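When you line the sequence shown up against mature numbering (1 follows the signal peptide of the UniProt record, and there is no 0), it's residues -20 to -1, 1 to 330, in that order. Below is one structure, written out as structure tokens, with a few remarks after it.
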Amino acid sequence: MKKLWLIVIALLLSILVACGDTEEGSAKEKETDGEGSNEKIDTLSIGFVPSREPDEIITATEPLKDLLKEEMATQGYEIGEVDISVGTNYEAVGEALSAGTTDIGLIPGGTYVLYDDGAEVILTATRAGLNNDSDNAKDWNDNKPTEAVEDQVTYYRALMIAGPSEKGQALAEKVNNGEELSFEDVNSASWAVMSSSSPAGYIYPSLWLREKFDKTIADLDNAVQVDSYGSAFARLAKGQIDVMVTYADARRDNAEAWEDEFGGKASIWDETNVIGVTPGIYNDTVSVSKNSEKMTDELKAAIQQAFINIAKTDEGKEVISIYNHEGYQEAESSDYDNEREAQEIVQSLN
């Protein structure tokens, strides 16, 4: 009888061990299956607009490739390659999104609304505000230099900046004396502007001209389109142009280059003055292509979360700082309704 009980106990122990092995094996199998269940995407392409020198953007965003792969893996996607390119102009990135040849675009709101038939906004960039936020040009000149503050904002302003040329200084003197500029004043100056879809480099300065003088950039006798803000600052420093249009903290970004590369004879804060300030412009977008074959709702959600997470890391913050982005928040198409109105006005006047 004793032997019988020993045999029964031995059998029970064998069964328990076998069950434990089976459960452990099942768990391992499930874990392996989970890791292997990530959806594979050969290439995810990202297009950037040339708001800075293209080579500078390519170098600064190189770490984004691995960061995005890692974050997308946590969202259920295995990305083989992340392809990064810089468009020849703003429109080129919008067109690539519409055509489905680029999957993701970091583009301004103005570019987005021009191409929203083929692009969908998923995120809006946030950035630090500035110590100057007045719509009065003289206030910016009285409170130089422009510096960042900790508060995050979802908009920025565009500025009309006069340089060290004789005409530029004359315009600045008038503004700093509290006098109103006339259209004859601004039209007698030479201007550098960006492409027609650039919010800070064309659209909102056009709205400023319309509000002040019922004119637009198209009505200026001496306006030349340049390929980057860096090129505009270089021309401004050399006196080749009198006025340029740019985003509000651009002088901070180009303060060193002003003297070291562009030929400025003194500090950028001493040689330039603001002569016009636009209303707030809603920040840049992370948009995706509606016509990319791989772009599903699930993939869009994964990209959305990946960029939000990347922006919270030190390395990610360094990458997105090339565009002065500091974070991202979820966006809706309706956020850019004011931008659509701005585009309609500009298009109707051109």
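The beta carbon of each residue, even a glycine, is placed where N, CA and C say it ideally should be. Just so it is clear, the structure is predicted and the values come from calculations on it, not from any experiment.
Among the candidates the options, whose CA atom is the shortest distance from the CA of residue i?
i: residue 246; options: 234, 160 and 256; result: 234
i: residue 47; options: 115, 293, 310 and 324; result: 293
i: residue 284; options: 104, 79, 39 and 71; result: 104
i: residue 305; options: 69, 31 and 196; result: 31
i: residue 193; options: 297, 213, 167 and 210; result: 167
i: residue 42; options: 56, 66 and 282; result: 66
i: residue 219; options: 50, 154 and 142; result: 142
i: residue 177; options: 251, 307, 69 and 297; result: 69
i: residue 122; options: 175, 128, 195 and 152; result: 152
i: residue 118; options: 275, 295, 291 and 253; result: 253
i: residue 114; options: 208, 98, 132 and 136; result: 136
i: residue 53; options: 244, 150, 289 and 213; result: 289
i: residue 133; options: 229, 106 and 287; result: 106
i: residue 130; options: 108, 120, 116 and 147; result: 108
i: residue 175; options: 205, 191, 57 and 287; result: 205
i: residue 165; options: 180, 303 and 148; result: 148
i: residue 287; options: 51, 35, 212 and 39; result: 51
Keeping to the same chain, check which residues put their C-beta closer than 6 Å to that of residue i; ignore five residues upstream and five downstream.
i: residue 85; result: 27, 73, 77 and 267
i: residue 170; result: 202, 221 and 222
i: residue 44; result: 299
i: residue 183; result: 90, 322 and 326
i: residue 120; result: 112 and 254
i: residue 216; result: 143 and 224
Use the C-beta contact count for residue i: other C-beta atoms within 10 angstroms, 16 or more gives buried, fewer gives exposed.
i: residue 198; result: exposed
i: residue 145; result: buried
i: residue 83; result: buried
i: residue 125; result: exposed
i: residue 158; result: exposed
i: residue 311; result: buried
i: residue 273; result: exposed
i: residue 229; result: buried
i: residue 79; result: exposed
i: residue 265; result: buried
Here's a check: name, in chain order, each residue in its chain whose Cβ is nearer than 8 Å to the Cβ of residue i, leaving out the five neighbours to either side.
i: residue 60; result: 20, 21, 22 and 23
i: residue 313; result: 96, 100 and 101
i: residue 63; result: 23, 24, 25 and 26
i: residue 185; result: 138, 140, 173, 197, 225, 256 and 258
What residues in its chain sit with their C-beta under 7 Å from that of residue i, if we drop five residues either side in the sequence?
i: residue 316; result: 89, 92, 93, 101 and 262
i: residue 248; result: 231, 234, 235 and 238
i: residue 195; result: 163 and 189
Does residue i get closer than 7 Å to chain C when you measure Cβ to Cβ?
i: residue 172; result: In the structure shown, chain C does not exist; there is a single protein chain.
Answer yes or no: the CB of residue i versus the heavy atoms of the ligand PLP, is any distance below 6 Å?
i: residue 91; result: The model depicted lacks the ligand PLP and carries no ligand whatsoever.
Suppose only complete runs of 3+ residues qualify. What are the beta strand (DSSP E) ranges in the region 36 to 100, listed by chain order? For secondary structure counted as the beta strand (DSSP E) over 3 or more consecutive residues, the region 36 to 100 holds these complete runs in sequence order: 57 to 66 and 84 to 87.
Along the chain, which unbroken stretches of the alpha helix (DSSP H) at least 4 residues long are found entirely within the region 166 to 224? The qualifying runs are 184 to 193 and 209 to 218.
Run through the region 244 to 324 for me and flag every whole beta strand (DSSP E) of 3 or more residues, listed as ranges in chain order. 253 to 257, 265 to 269 and 307 to 310
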